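Engineer: Chains as they are written, first to last, in full-length UniProt numbering: chain A, 1 to 331; chain B, 1 to 296.
1) Would you say residue 336/A faces chain B, with C-beta separation under 7 Å as the test?
2) Using a C-beta cutoff of 7 Å, does residue 180/A count as contacting chain B?
3) Considering only DSSP beta bridges, list what residue 69/A is partnered with.
4) In chain B, which residues lie less than 7 Å from residue 160/A when you measure between Cβ atoms?
5) Is the Cβ of residue 261/A closer than 7 Å to any Cβ of chain B?
6) Would residue 157/A pass as a contact of residue 178/A if the rule is Cβ separation under 7 Å?
7) Go ahead and pull the three-state DSSP assignment for residue 70/B.
8) Fully enclosed by the stretch 172-256 of chain B, which alpha helix (DSSP H) runs are 4 residues long or longer?
9) How would you call residue 293/A, buried or exposed, if buried means at least 16 neighbouring beta carbons within 10 angstroms?
10) Can you name, in chain order, every residue of its own chain whose Cβ lies under 8 Å from the Cβ of residue 79/A, other than the five neighbours on each side?
11) Quick one, which residues of the stretch 197-209 of chain B are near chain A if we go by CB-CB under 7 Å, in chain order?
12) Excluding the 5 residues preceding and the 5 following residue 270/A in the sequence, name in chain order all residues of the same chain whose CB lies nearer than 6 Å to its CB.
13) Give me the Cβ distance between residue 106/A and residue 206/A, rounded to the nearest whole Å; I'm assuming they're in contact under 8 Å.
14) Give the C-beta separation of residue 145/A and residue 245/B to the nearest angstrom, bearing in mind that I take them to be a contact with Cβ-Cβ under 8 Å.
15) With a threshold of 7 Å on Cβ separation, who are the neighbours of residue 296/A within its own chain once the five nearest residues in sequence on each side are excluded?
16) If you measure from the beta carbon of residue 227/B to each beta carbon in chain A, is any gap under 7 Å?
17) Which of helix, strand or coil does DSSP assign to residue 59/B?
18) Can you confirm whether residue 328/A, when its beta carbon is compared against all beta carbons of chain B, has any partner nearer than 7 Å?
19) Whether or not the stretch 68-88 of chain B and the stretch 131-147 of chain B are in contact is what I'm after, with contact meaning three or more pairs of Cβ atoms, one per stretch, closer than 8 Å; do they touch?
20) Between the Cα of residue 307/A and those of 228/B, 131/B and 264/B, spot the shortest distance and give me the residue it belongs to.
21) Evaluate the contact criterion for the stretch 94-108 of chain B versus the stretch 145-161 of chain B: three or more CB pairs, one atom per stretch, below 8 Å.
22) Apart from the five residues just before and just after residue 266/A, which ones in its own chain have a Cβ nearer than 6 Å to its Cβ?
23) Write down the C-beta distance between residue 303/A and residue 136/B rounded to the nearest angstrom, noting that I regard them as a contact closer than 8 Å.
24) From the DSSP output, in three-state form, read off residue 277/A for me.
25) Give me the residue from 107/B, 67/B and 116/B with the minimum Cα distance to residue 262/B.
26) Within the same chain, show all residues whose beta-carbon is closer than 8 Å to that of residue 176/A, passing over the 5 residues directly before and after it, in chain order.
27) Nearest chain B C-beta to residue 241/A closer than 7 Å, yes or no?
28) Just to confirm my understanding: we take residue 101/A, look at its own chain, exclude 5 residues before and 5 after, and list those with CB closer than 7 Å. What are they?
29) Can you tell me whether residue 203/B is buried or exposed, with buried defined as 16 or more other CB within 10 angstroms of its CB?
30) For a quick check, are the C-beta atoms of residue 22/A and residue 113/B less than 7 Å apart?
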């Protein structure tokens, strides 16, 4: 309780500075409005994050009282843990492939919807654009675990619809093919499921961004003789570059998690751990094996990789002239 | 760029007919084909799931392309009662409903104070919220487990609700912050001059004005909390208290042995259908929200 009073104390000072009398109304307002949310935030979000940093330096196994400070031993152990390193590689692969494919697909579909319309005069959107947009957005409102479960059934050899359809069109080698059970296809199939879940949302996002571009820009390009493809590559992409960057970061963070999808598709990490991701390994280490110190070290690595990823995206975008290029085109 | 060859080919193709109108129509047709293909890819698995939800287990394990021999609504009854989906559904409604109301209130209050009052530490709080938004929840999950355990809230619905609120808070504050910041200051002054206290000003004047922002954030939070998987799986392991997402996962992993596939598909439909229907009704509002959120 005393903790909560502290943040509430700040505003009162500045309020009095602005010559507002400190009434009960104002004091209680500040304490409740700032103190209550902050208390929840500090206790359940900030403190676990901070504790995690400490636990990762201990050999804590949870329920036993013994907790020894072991320095960076957990981290050293992690870098010799082949299974965890495999999970890191899988996550990095996901963070590279999933965002790129999702963004390319989403951008293509968004472009088709917005400037694919027929006609010679103004650049027009497609008929039925609303229908495509609504349908494409469906996966966003389906819980990720359910998306995973549906596709796990679709991929099931024998009773799944994918193999049935493929052999129907003559690809009989897939008649009883276990997409998620073969180390060669388990990862691509899992990536596909994630991409299926993500594309609609980013498509809607990009449609909005493209509609935000002034139509005159497209008109001018048209008059200068640029085709639709040219317009998309040379005008749309540079102009909505910041949206693409944001999308890339969100998607990358989601791909570095991937926990829900992988739990639904291959809870055990897949054949030869081909779809094992860091969060899965962390979860098992913590809640099945009870190695809490070691598992929080995995959490720290996961957080570090996430931050590093965001940093790389920002840097690459800045180096290739993200913002000022956009400003130039706009002027 | 590197695409110039393809580029030129496209240009050449578009010039070839000589007329511009057919060119446009050609592009439009291609666009329609591509979009219809994608729409089919989205819809087909869902339709197949719906059809399978009426099949018996033998039918599910038989030809995947066949139609159900009759509409077995008993699958839905089995999923709802035997598999416990009904119970999980109710739990989810309670947890998500209460957490949503709480996080909207707390988030709006916090965002309002941060956006409209200057005091030392304001920026610090704002940026720590932003950091809380970016760090993976997995980093916090183990200590969080013990925080809840120490409060005696582990494996309880109030415990789950509290964590939902806490982890949805940074996003809510971050998003609403800009809405409150954009509200005109004169209205606040006017309310003050008219003698409204801070509480009154917030609830009767400022909060109603932020309604569009509140609606957008509420939609995002609803979907986020409804889909939440990690927090319940780690912190809510008593099967009586399961929420839908984790109940579905556990049902699916059991189904591998006990096998009631018809009920499994029915459970999927029960989980997906309500939100999908709500989405189709409110899709305009939702897409506006996505736009508002994404443009930032």
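Virtual Cβ for every residue (Gly too), placed ideally from N, Cα, C.
It should be emphasised that the depicted structure is a prediction, and the values quoted were computed from it without experimental measurement.
Structural biologist: Walking through what the data contain:
1) Lying outside 1 to 331, the shown extent of chain A, residue 336/A is not represented and no answer is given.
2) no
3) 58/A
4) 64
5) no
6) yes
7) coil
8) 185-193, 211-227 and 230-235
9) buried
10) 85
11) 197, 198 and 199
12) 186
13) 6 Å
14) 5 Å
15) 52, 55 and 56
16) yes
17) helix
18) In this prediction, residue 328/A scores a pLDDT of 44, lower than 50, which makes its location untrustworthy; no coordinate-derived value is stated.
19) no
20) 131/B
21) yes
22) 180 and 275
23) 6 Å
24) coil
25) 67/B
26) 157, 158 and 163
27) no
28) 195
29) exposed
30) no
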